[in-house]
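Working notes for the structure below.
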Amino acid sequence: MTIKEMETKLDIPRATIRFYEKEGLITPVREENGYRDYSKDDLEKIKKIVILRKIGFSVNDIADLLDGARSFPEALDENILNLKKQMEELKGALILSEKMKDSVEDLKTLNVDSYLNYIDEEEKQGHKFMTIAKDIARTEKGVVFEWFAWTDINGDPYVSIWTVLRDAVITMAVSGVILSLYRKNWNIINFRDGALGILLIVAVEAVLSIPLYFLGKKHPWIAKNRKKALFISALILCAVLILLDIVLNV
Numbered sequence: 000m001t002i003k004e005m006e007t008k009l010d011i012p013r014a015t016i017r018f019y020e021k022e023g024l025i026t027p028v029r030e031e032n033g034y035r036d037y038s039k040d041d042l043e044k045i046k047k048i049v050i051l052r053k054i055g056f057s058v059n060d061i062a063d064l065l066d067g068a069r070s071f072p073e074a075l076d077e078n079i080l081n082l083k084k085q086m087e088e089l090k091g092a093l094i095l096s097e098k099m100k101d102s103v104e105d106l107k108t109l110n111v112d113s114y115l116n117y118i119d120e121e122e123k124q125g126h127k128f129m130t131i132a133k134d135i136a137r138t139e140k141g142v143v144f145e146w147f148a149w150t151d152i153n154g155d156p157y158v159s160i161w162t163v164l165r166d167a168v169i170t171m172a173v174s175g176v177i178l179s180l181y182r183k184n185w186n187i188i189n190f191r192d193g194a195l196g197i198l199l200i201v202a203v204e205a206v207l208s209i210p211l212y213f214l215g216k217k218h219p220w221i222a223k224n225r226k227k228a229l230f231i232s233a234l235i236l237c238a239v240l241i242l243l244d245i246v247l248n249v
């Protein structure tokens, strides 16, 4: 079966079929001329994929199901819980949207402080709104790398790759020197550990950035000093690791 026939039978764009193939959900046979030959099994499998995608399953979830890594009833239970959470989030957003419409709001004159306070109070009472965690995570990637002057706040590079490499080498070299002085022993292992330490700090900042955002909603100081909070958190972790190093080597 050609991709054109599949497209006609499924009533979905061939680009979607290609995407499912790229993700490994279907594996059509390659003929000698290079064209793909889709089987009835591929057709039925894509029908199942379309149904599962329509009810909220991710591509990864579907891959696990097709591989037999998860049971269908278990996956359905999890999907139902996720859908209920989304409905709660949508409910809060719907109520506020209707409230804005009733007030005949215009975007230019929108009372942003009033509505933000409303959302904050509703969330404190357990009411749900759409989460912006993914947006935060995307932005925080730029914040973390901005510490090393590689990118701006949006994550867009404003220096050459050679400048990035230079700064990385210098930073790792300095950390290696500090470790060598601390351990009173000059060897390549200290410079390796120094490089790993820098990477660990970046990882810690990436992991802590989102929790710190939500903590900032309850603690004003964290909200106003996000970078300081990240830096302090990273320093605390480094101090703990140094203490562990001392204890383990005593």
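According to numbering that gives the first Met the number 0, the sequence shown is numbered sequentially starting from 0.
Even glycine gets a Cβ: it sits at the ideal position worked out from N, Cα and C.
1. Between which two residues does the alpha helix (DSSP H) holding Q256 run?
2. Taking only beta-carbon atoms, is K107 less than 7 angstroms away from chain B?
3. For D112, name the three-state secondary structure that DSSP assigns.
4. Rounded to the nearest angstrom, what separates L243 and L109 at their Cα positions?
5. Looking at the unbroken alpha helix (DSSP H) that takes in L42, where does it start and where does it end?
6. Excluding five sequence neighbours on each side, which residues of the same chain lie with their C-beta closer than 6 angstroms to the C-beta of E6?
7. In whole angstroms, give me the CA-to-CA distance for F190 and S179.
8. Can L64 and A74 be called in contact, C-beta distance under 7 angstroms?
9. If you follow the alpha helix (DSSP H) that Y34 is part of, which residue opens it and which one closes it?
10. If contacts are defined as beta-carbon pairs under 8 angstroms, then K83 and K127 qualify, I think. What distance do you get, rounded to the angstrom?
11. Under the assumption that L9 contacts I50 (Cβ atoms under 8 angstroms), give the Cβ distance between them as a whole number of angstroms.
12. I believe Y19 touches I48 by the beta-carbon criterion, under 8 angstroms. Please report the beta-carbon distance rounded to the nearest angstrom.
13. Would you report the Cα separation of Y114 and L214, rounded to the nearest angstrom?
14. Count the other CB atoms, across all protein chains shown, that sit within 10 Å of the CB of L250; report buried if there are 16 or more and exposed otherwise.
15. In whole angstroms, give me the CA-to-CA distance for S232 and I169.
16. Which residues in the same chain as T183 place their Cβ atom closer than 8 angstroms to its Cβ, once the five residues preceding and following it in sequence are excluded?
17. Identify which residue in Y37, L247 and P219 has its Cα closest to the Cα of E4.
18. Compare the C-alpha of L42 against each of T1, S70 and D192 and name the closest.
19. How big is the Cα-Cα spacing for R69 and R17?
20. On the DSSP bridge assignment, give the partners of R29 in chain order.
21. From this set, S57, N59, E88 and A238, which residue's C-alpha is nearest E122's C-alpha?
The short version:
1. Look at the range of the chain in this structure, 0 to 249, and you will see that residue 256 is not part of it.
2. As a matter of chain content, chain B is missing from the structure shown, which is built from one protein chain.
3. DSSP places D112 within a helical segment (H, G or I) once states are collapsed to three.
4. Rounded to the nearest angstrom, the two C-alpha atoms are 53 angstroms apart.
5. Residue range K39 to K53 is occupied by the alpha helix (DSSP H) that includes L42.
6. The residues are R13.
7. One Cα belongs to F190, the other to S179, and the distance between them is close to 8 angstroms.
8. Annotated as proximal: L64 and A74, with beta-carbon spacing under 7 angstroms.
9. For Y34, there is no enclosing alpha helix (DSSP H), as DSSP marks it with neither H nor E.
10. Rounded to whole angstroms, the Cβ separation of K83 and K127 is 10 angstroms, and the two are not in contact under 8 angstroms.
11. Taking C-beta atoms under 8 angstroms as the contact rule, L9 and I50 fail to qualify, at a distance of about 12 angstroms.
12. Sure, about 6 angstroms apart at Cβ, within 8 angstroms.
13. Their Cα atoms are separated by approximately 20 angstroms.
14. Because the chain is modelled from 0 through 249, residue 250 falls outside the range shown and cannot be assessed.
15. S232 and I169: Cα-Cα distance of roughly 23 angstroms.
16. A small fix is needed here, since residue 183 is Lys in this sequence, not Thr. Answer for K183: no residue qualifies.
17. Here the closest residue by C-alpha is Y37.
18. Closest by alpha carbon: T1.
19. Between R69 and R17, the alpha-carbon positions lie close to 24 angstroms from each other.
20. Looking at the DSSP assignment, R29 forms a beta bridge with R35.
21. E88 is the residue among S57, N59, E88 and A238 whose C-alpha sits nearest the C-alpha of E122.
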